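Protein chains: 2
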Amino acid sequence: MVEIAILGYGVVGSGVAEVIRRNHDSIKRRAGKEIRVKKILDIRDFPDSPDRELITKDPDEVFSDPSISVVVETIGGTGAAREFTQRALEAGKHVVTSNKELVAAYGPQLLNLAREKGVYYLFEASVGGGIPIIRPLARCLAANELYEITGVLNGTTNYILTKMEKENMDFEEALKEAQRNGYAEANPAADVEGHDACRKIAILSSVAYNEFVDYREIYTEGISNISAADISYARAMESSIKLVAFSRKTPKGVLARVTPALVPKGHPLYNVEGVFNGIMVKGNAVGETMFFGQGAGKLPTASAVVADVIDVVKHDGSGIGFLTMGEKAGRLVDINEDTGRYFVRLKSKDLSKTRELVLKLYGDVKQVEPTGAPGAGGGYGVQNEFAFVTPVAQELEHMQKLSDILQAGSVFEAAAKIRVLDK
Amino acid sequence: MVEIAILGYGVVGSGVAEVIRRNHDSIKRRAGKEIRVKKILDIRDFPDSPDRELITKDPDEVFSDPSISVVVETIGGTGAAREFTQRALEAGKHVVTSNKELVAAYGPQLLNLAREKGVYYLFEASVGGGIPIIRPLARCLAANELYEITGVLNGTTNYILTKMEKENMDFEEALKEAQRNGYAEANPAADVEGHDACRKIAILSSVAYNEFVDYREIYTEGISNISAADISYARAMESSIKLVAFSRKTPKGVLARVTPALVPKGHPLYNVEGVFNGIMVKGNAVGETMFFGQGAGKLPTASAVVADVIDVVKHDGSGIGFLTMGEKAGRLVDINEDTGRYFVRLKSKDLSKTRELVLKLYGDVKQVEPTGAPGAGGGYGVQNEFAFVTPVAQELEHMQKLSDILQAGSVFEAAAKIRVLDK
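Protein chains in written order, with the numbering used here: chain R, 17 to 439; chain G, 17 to 439.
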């Protein structure tokens, strides 16, 4: 029998206890040993919980108990979670976590400490909820040079954008609906501003390229500026707007960004809707693979944590093979050197002058008209807009042209500039 | 350094040698040791191959060489492949394979033999080409009770059906195109009749449910009866026809089938086109996950083989955890007890009588009219058809009703009876 402790009895922590209880027999068969939760550390009381007998407020009951060999950290954040993770590793206990903040910020150090102590630090649940992705990157695709990752990694923003698209809601309405359904926090900034997706693409990239990608250096743009009118234009282009996290290994370093993007119909990520996540990975032998599933939620995330626990139990003392995220922070490519296409909406005082200017600057681009929503072309106030998709160019060139347009006088605002995702 | 041998220098075998050469450095880093191909066993000559120096016709050079610790079997079939696999395992060598015929027929025995000898028998590449699927089922989703698998598992049939759909080809044309492009064999029966998909769903189900599912007992129907008219009707229903392999764990045993099916838009498998594969897995904690990628091809499949080799090298002597496919053959649910909906096309001598009869037997079903193809409604000779989707019912009831219709006299043929895939 293997005894484990859970740190933090929140949504995921209580889910871990539930999965271990519910799938007791099959977990025992797969791990080769029975797995039992011995202690749960939390400062709160849970008088009605089925696990109330196991809950303690005293960290020593976990860290000084030699019979506890695996610690599950589901506290979140980089405060107590970091301290307890270090303490557990130093005490020679394996640590399994769903904490993306901690892994994104201190992953390499914690992995080093684990290696020194001969124990594992595993974090399958930190990205993609229940979707197997860390292990596939590190192991199943190990024969490849992985060079590109494109993902819809945040369920909250995807839920909001899907609501806007399918039910013609505007951003504020959809956000409120997400909050009512428990898919968005009261303070939604971490999701809506892209910070969550940013940490996740940093973790995936570090594991895939074996080069630490610091999330603080990734260009990140959220979805709070996406309007119902943008969605209506996207529909006209048979595209869907999603918050897309992207990274590519290049000879100059890793290029990474998190931005809203128009995902065209036919792209594997086009159908990733609602709270689902999709992660597309390219490798030099396997070509393109995609992983899809519920990117968050109590039981999916808990099942990923428990899969890591099973892996540890099965391999205790022998070697799963340590994960690596690279030793030191790699150089990120300057986002101004990025290339791509944009969908641009220009609010115009004089449409024929604007059209002329756009054609002069960008060549033969086609005007896009919004469709498909009630009142489109009217209700969204897009009457005096010239909207189009630019050719592929470098970021700097895009900025220069847009600045030229705004200075020319016939345009008083660029109402949108949204990346177009190419396959 | 670890030395390996490759048995069979065909498409996948030569791909394995190529991937090991090409990604030498990253493979070494991930495996922790250098991996070198020492011998390649094949009865043919390959005077122009970069690997020609390694090729031998003498099995003893492989099996009697104690320095070779891992054997890659890419011969295929259940003849020499089986004999050599047994010989390798008995000599204490790990075996990694892409051979679905052998795994589907003798997987449990070979896994037992491997366990006895303390070595591994791994077969990630036997299903889904480069898509990580066996390891995710056995390990990443280990915390779940897995209960359902739905997959587009055969790239050849999917290529043919996609061609029929996108380019309005008929079956024979699309098959010839697949053969010209190397996606179908001269004798295409194994793919077209569903035997390949059948073996693959048997392997996946055995691993997921830990209960051996004998492929010989799975109800299997191919795609050779799918016509351009069917595709045209499917389009009218916003669906795509695919060869779908399905299995579900039920209290009565495993229900499994391979049949063409109408996959509705919005279903995760709807967008799996061309030679791609998609595999949807449901578990009691993770919910629904999907894996997508190139289901065949030299380098994708080879990369899955090499990932298994890396896993073996990393864990030599310690324990990846043996795979299991169940000890003995489980009972399959009688296909007549299966329930579902069908799309049915009735060739009628008297449309109004047929309509009356159908409404009487099935209740208020809607007639479907084919659209979207040049000449549809005319060119495909569907003028005198009554086509509709049945309500959900048991297989036996479906058969009874169809027999009643045919006996009533107004219908001279059921031109199609295609399962409708529900989510």
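Just so it is clear, CB atoms sit at the ideal spot from N, CA and C, and this is done for glycine as well.
Please read all numbers here as calculations on a predicted model, not as lab measurements.
Which residues, taken in chain order from the stretch 147 to 162 of chain G, show a beta carbon closer than 7 Å to some beta carbon of chain R?
-> If the cut-off is 7 Å between Cβ atoms, the stretch 147 to 162 of chain G has Ile147, Pro148, Arg151, Pro152, Arg155, Cys156, Leu157, Ala158, Ala159, Asn160 and Glu161 near chain R.
Could you tell me the distance, in whole angstroms, from the CA atom of G:Asn300 to the CA atom of G:Asp61?
-> Along the second sequence, one-based indexing puts residue 300 of chain G at 284. Along the second sequence, one-based indexing puts residue 61 of chain G at 45. G:Asn300 and G:Asp61 have their alpha carbons spaced roughly 51 Å apart.
If we cut at 8 Å on Cβ distances, does R:Ala301 have a partner in chain G?
-> Position 285 of the first sequence, counted from the start, is the residue given in the question as residue 301 of chain R. R:Ala301 belongs to the set of residues whose beta carbon lies under 8 Å from a beta carbon in chain G.
Round the Cβ separation of R:Gly146 and R:Gln399 to the nearest angstrom and send it over; I've been treating them as touching at under 8 Å.
-> Translated into positions along the first sequence, residue 146 of chain R becomes position 130. Translated into positions along the first sequence, residue 399 of chain R becomes position 383. At roughly 46 Å, the Cβ-Cβ gap does not stay under 8 Å, so R:Gly146 and R:Gln399 are not in contact.
Below 8 Å, can you find three or more Cβ-Cβ pairs linking the stretch 168 to 178 of chain G to the stretch 195 to 211 of chain G?
-> With a cut-off of 8 Å, the stretch 195 to 211 of chain G and the stretch 168 to 178 of chain G count as touching, because enough Cβ pairs lie within range.
Nearest-angstrom beta carbon gap, R:Ile91 and R:Gly24 [assumed within contact, 8 Å] | Along the first sequence, one-based indexing puts residue 24 of chain R at 8. Along the first sequence, one-based indexing puts residue 91 of chain R at 75. Right, the Cβ-Cβ distance comes to about 4 Å (below 8 Å), so this counts as a contact.
Sort G:Phe262, G:Val291 and G:Arg273 by Cα distance to G:Ala194 and report the nearest one.
-> Residue mapping note: residue 194 of chain G aligns to position 178 of the second sequence, counting from 1. Comparing Cα-Cα distances from G:Ala194 to each of G:Phe262, G:Val291 and G:Arg273, the minimum goes to G:Val291.
Let me know if G:His414 comes out buried or exposed under the rule of 16 or more other beta-carbons within 10 Å of its beta-carbon.
-> Looking up residue 414 of chain G in the second sequence gives position 398. So G:His414 counts as buried.
Should G:Asp74 be flagged as near chain R, meaning a C-beta pair shorter than 8 Å?
-> For the purposes of this step, residue 74 of chain G is taken as the residue at position 58 of the second sequence. False, the Cβ-Cβ gap to chain R never drops below 8 Å.
Which residue comes first and which comes last in the beta strand (DSSP E) that contains G:Met306?
-> As a first step, residue 306 of chain G must be located in the second sequence, where it is residue number 290. Run containing G:Met306: Gly303 to Gln310, per the beta strand (DSSP E) assignment.
R:Gln416 versus R:Glu233: straight-line alpha-carbon distance, rounded | For this step, residue 416 of chain R is matched to residue 400 along the first sequence. For this step, residue 233 of chain R is matched to residue 217 along the first sequence. Going from the Cα of R:Gln416 to the Cα of R:Glu233 covers about 23 Å.
Around the C-beta of R:Asp207, are 16 or more other C-beta atoms found within 10 angstroms, so that it is buried, or is it exposed?
-> One-based indexing of the first sequence puts residue 207 of chain R at position 191. Around the beta carbon of R:Asp207, 16 or more other beta carbons lie within 10 angstroms, which makes this residue buried.
G:His40 versus G:Glu50: straight-line alpha-carbon distance, rounded = Indexing the second sequence from 1 puts residue 40 of chain G at position 24. Indexing the second sequence from 1 puts residue 50 of chain G at position 34. The alpha-carbon atoms of G:His40 and G:Glu50 are separated by roughly 8 Å.
Taking all protein chains shown into account, decide if R:Gly391 is buried (16 or more other Cβ within 10 angstroms of its Cβ) or exposed.
-> By one-based count along the first sequence, residue 391 of chain R stands at place 375. Here the model assigns R:Gly391 a pLDDT of 46, short of 50, so the residue's position is not dependable, and the following value carries that caveat. Counting every other CB atom within 10 Å of its CB across the protein chains shown gives R:Gly391 a total below 16, marking it as exposed.
Give a yes or no on whether 8 Å exceeds the smallest Cβ distance from R:Thr370 to chain G.
-> If you number the first sequence from 1, residue 370 of chain R lands on position 354. Closer than 8 Å: no.
Give me the Cβ distance between G:Arg409 and G:Gln383, rounded to the nearest whole Å; I'm assuming they're in contact under 8 Å.
-> For this step, residue 409 of chain G is matched to residue 393 along the second sequence. For this step, residue 383 of chain G is matched to residue 367 along the second sequence. For clarity, residue 409 of chain G is Ala in the given sequence; the question names Arg instead. Not really, about 19 Å apart at Cβ, beyond 8 Å.
At 9 Å on the CB atoms, spell out the chain R contacts of G:Gly379, in chain order.
-> Here residue 379 of chain G corresponds to residue number 363 of the second sequence, with the count starting at 1. Per Cβ cutoff of 9 Å: no residues; G:Gly379 is ~30 Å from chain R at best.
Which runs of the alpha helix (DSSP H) fall wholly inside the stretch 53 to 109 of chain G and span at least 4 residues, in chain order?
-> List check, alpha helix (DSSP H) in window: 76 to 79 and 96 to 106.
DSSP-derived helix/strand/coil call for R:Pro390 | Sequence index remark: in the first sequence, residue 390 of chain R carries index 374 (1-based). Note that R:Pro390 scores 48 on pLDDT, short of 50, meaning its location in the model is unreliable; the coordinates nonetheless yield the value given after this. If DSSP states are grouped into helix, strand and coil, R:Pro390 belongs with coil.
So which residues on chain R does G:Arg46 lean against when the C-beta distance must stay under 7 Å?
-> On the second sequence, residue 46 of chain G is found 30 positions in, with the first residue counted as 1. In chain order: Ala158.
Closest to G:Tyr378 by CA distance: which of G:Thr406, G:Gly95 and G:Ala250 is it?
-> Looking up residue 378 of chain G in the second sequence gives position 362. With respect to the C-alpha of G:Tyr378, the residue from G:Thr406, G:Gly95 and G:Ala250 having the closest C-alpha is G:Thr406.
Alpha carbon to alpha carbon, what distance is there between G:Lys330 and G:Val28?
-> Walking along the second sequence from the start, residue 28 of chain G turns up at place 12. Walking along the second sequence from the start, residue 330 of chain G turns up at place 314. Whole-angstrom Cα-Cα distance: 22 Å.
For R:Lys363, which of helix, strand or coil comes out of DSSP?
-> Start at 1 with the first residue of the first sequence, and residue 363 of chain R comes out as number 347. Residue state, collapsed to three classes: strand.
Pick from R:Ile217, R:Arg151 and R:Tyr136: whose alpha carbon is nearest that of R:Val168?
-> Locating residue 168 of chain R in the first sequence gives position 152, where the first residue counts as 1. The shortest C-alpha separation from R:Val168 is found at R:Ile217.
Name, please, each residue of chain R whose Cβ falls closer than 7 Å to the Cβ of G:Ala318.
-> Looking up residue 318 of chain G in the second sequence gives position 302. Here the neighbours are Ala301.
Keeping to the same chain, check which residues put their C-beta closer than 8 Å to that of G:Met253; ignore five residues upstream and five downstream.
-> Within the second sequence, the letter at position 237 stands for residue 253 of chain G. Contacts found: Leu278, Pro280, Phe359, Val384 and Val405.
Cβ-Cβ separation, G:Val270 to G:Gly356 (assumed contact under 8 Å), whole Å | If you number the second sequence from 1, residue 356 of chain G lands on position 340. If you number the second sequence from 1, residue 270 of chain G lands on position 254. For G:Gly356 against G:Val270, the beta-carbon gap comes to about 16 Å, at or over 8 Å, which does not count as contact.
Residue-level contact to chain G via CB, R:Asn128, 8 Å cutoff | Taking the first residue of the first sequence as 1, we reach residue 128 of chain R at position 112. No, R:Asn128 does not count as interfacial toward chain G.
Specify, as a first and last residue, the run of the alpha helix (DSSP H) that G:Phe402 falls within.
-> As a working mapping, residue 402 of chain G is identified with position 386 in the second sequence. Looking at the DSSP string, G:Phe402 is not in any alpha helix (DSSP H); the run it does join, the beta strand (DSSP E), is Glu401 to Val405.
Cβ shell of G:Phe469 (< 6 Å), same chain only, five flanking positions each side left out = Residue 469 of chain G is absent from the model: chain G starts at 17 and stops at 439.
DSSP on R:Arg347, reduced to helix/strand/coil?
-> The residue given as residue 347 of chain R occupies position 331 in the first sequence. Note: R:Arg347 maps to coil in three-state DSSP.
Tell me, please, whether the CB atom of R:Phe262 is closer than 8 Å to any CB atom in chain G?
-> Counting from one through the first sequence, the residue named residue 262 of chain R turns up at place 246. Taking Cβ atoms only, chain G never reaches closer than 8 Å to R:Phe262, which makes this a no.
Compare the C-beta of G:Gly250 with all C-beta atoms of chain R and state if any pair is closer than 8 Å.
-> By 1-based counting over the second sequence, the position of residue 250 of chain G is 234. Per the sequence shown, residue 250 of chain G should be read as Ala rather than Gly. With 8 Å as the cut-off, G:Ala250 does not count as an interface residue toward chain R.
Can you give the beta carbon distance from R:Ala213 to G:Ile326, rounded, assuming they're within the 8 Å contact cut?
-> As a first step, residue 213 of chain R must be located in the first sequence, where it is residue number 197. As a first step, residue 326 of chain G must be located in the second sequence, where it is residue number 310. Rounded, the Cβ-Cβ distance is 30 Å, inconsistent with contact.
Mind pulling the chain R residues with CB within less than 9 Å of G:Phe404?
-> As a working note, residue 404 of chain G is residue 388 in the second sequence. Below the 9 Å Cβ cutoff, chain R contributes no neighbours of G:Phe404, its closest Cβ being approximately 27 Å away.
With DSSP run on the structure shown, which of helix, strand or coil describes R:Tyr137?
-> Numbered from 1 along the first sequence, position 121 holds the residue referred to as residue 137 of chain R. If DSSP states are grouped into helix, strand and coil, R:Tyr137 belongs with the strands.
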